[in-house]
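Enquirer: The following block contains the structure, expressed as structure tokens.
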Amino acid sequence: AQKVTQAQTEISVVEKEDVTLDCVYETRDTTYYLFWYKQPPSGELVFLIRRNSFDEQNEISGRYSWNFQKSTSSFNFTITASQVVDSAVYFCALSEGGSGGSNYKLTFGKGTLLTVNP
Amino acid sequence: KAGVTQTPRYLIKTRGQQVTLSCSPISGHRSVSWYQQTPGQGLQFLFEYFSETQRNKGNFPGRFSGRQFSNSRSEMNVSTLELGDSALYLCASSRSGSPYNEQFFGPGTRLTVL
């Protein structure tokens, strides 16, 4: 069965600090996909990034970066020089790519509430 | 391009009633998924539809049901409401629902059961 663990329930930082959100996943599939979503106070989940299990290359997008390590089953998300607008709940999610009915769904972690204080 | 829309945005019902929520996916998207979000359980998968067929279902009782129409719009129904059904119900659409497709979420319907 697939599972996603986000051990940090809440993180509070001061603006301009760097912050890393942890994500650990479990799956038996060799093909799977990992996602990060952001949920601001308005409630709508916003897609941030997708990674497939065959691509361990780290990715950077502006102040955001992602570190995918299959050896530790982790897909961590770092925000550099955080800003107040980054305050939100961040979710890590997993979908399995094997055949069968286990597909077509996202399994989410419980989320990490990030508060960036001015 | 319009995003995923959900109606109504807020609902208040009493125990025992039933409720129908509606979701219109992004134009061209054929897969619609539903999720329930609560403070205690987080985001949980309800079901996924593609071309009017349910392809996957989460671990929810039979009181939760859904359907998809030929225009890809989807509805979910909850019968005999219980207090524990109070939640934010999120609909998501994707092109094909394949595991590598990112899902685009609507703003949700906030259901309160009294």
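Taken in sequence, the protein lines are chains W and B. Those letters in the first sequence? Residues 822 to 939, by our numbering. Those letters in the second sequence? Residues 953 to 1066, by our numbering. Ideal Cβ placement from N, Cα and C applies to all residues, glycine included. This one's a predicted model, so the numbers in the text were calculated from it and none came from an experiment.
1. Please report the distance separating the alpha-carbon of Ala-1044(B) from that of Lys-837(W).
2. Counting along the chain, where does the beta strand (DSSP E) carrying Gly-1018(B) start and finish?
3. Hey, is the region 868-878 of chain W in contact with the region 850-858 of chain W, meaning 3+ C-beta pairs nearer than 8 Å?
4. With a cut-off of 8 Å on the beta carbons, I'd call Gly-968(B) and Thr-1032(B) a contact; round off their distance for me.
5. So, does the CB of Phe-929(W) fall closer than 8 Å to a CB anywhere in chain B?
6. Of the residues that make up the region 862-875 of chain W, which ones have a beta carbon closer than 8 Å to any beta carbon in chain B?
7. Could you check what DSSP says for Lys-824(W) in three-state terms: helix, strand or coil?
8. Tell me the start and end of each unbroken beta strand (DSSP E) in the region 858-933 of chain W that is at least 3 residues and wholly inside, in chain order.
9. Are at least three pairs of beta-carbons, each pair with one atom in the region 953-963 of chain B and one in the region 1043-1057 of chain B, less than 8 Å apart?
10. At which residues does the beta strand (DSSP E) containing Phe-1002(B) begin and terminate?
11. Under 7 Å Cβ-Cβ, which residues of chain W neighbour Gln-969(B)?
12. Identify whether Leu-963(B) lies in helix, strand or coil by the three-state DSSP scheme.
13. Could you tell me which residues DSSP pairs with Ser-833(W) in its beta bridges?
14. Could you check whether Cys-844(W) and Gln-827(W) sit closer than 8 Å to each other, using their CB atoms as the reference points?
15. Measuring only the C-alpha atoms, how far is Gln-904(W) from Trp-857(W)?
16. Give the residues of chain W in contact with Tyr-1052(B), contact being defined as C-beta atoms less than 8 Å apart.
17. Would you mind giving the Cβ-Cβ distance between Phe-912(W) and Leu-1040(B), rounded to the nearest angstrom? I have them listed as a contact below 8 Å.
18. Tell me whether Thr-933(W), by its Cβ, gets closer than 7 Å to a heavy atom of the ligand ZN.
Expert: The answer reads as follows:
1. 33 Å
2. 1016-1020
3. Counting C-beta pairs with one atom in each stretch, the region 868-878 of chain W and the region 850-858 of chain W have three or more that are closer than 8 Å, which means they touch.
4. About 6 Å separates the two Cβ atoms, so the contact holds.
5. Taking 8 Å as the threshold, the shortest C-beta distance from Phe-929(W) to chain B falls below it.
6. Ser-863, Gly-864, Glu-865, Leu-866, Val-867, Phe-868, Arg-871, Asn-873
7. Correct three-state label for Lys-824(W): strand.
8. 867-873, 880-882, 885-890, 895-900, 909-917
9. yes
10. 994-1002
11. Per Cβ cutoff of 7 Å: no residues; Gln-969(B) is ~24 Å from chain W at best.
12. Note: Leu-963(B) maps to strand in three-state DSSP.
13. Partner(s): Thr-936(W).
14. Yes, they are a contact pair.
15. 18 Å
16. Tyr-854, Arg-871, Asn-873, Ser-916, Gly-918
17. At roughly 13 Å, the Cβ-Cβ gap does not stay under 8 Å, so Phe-912(W) and Leu-1040(B) are not in contact.
18. Of ligands this structure carries none, so the ligand ZN is not represented either.
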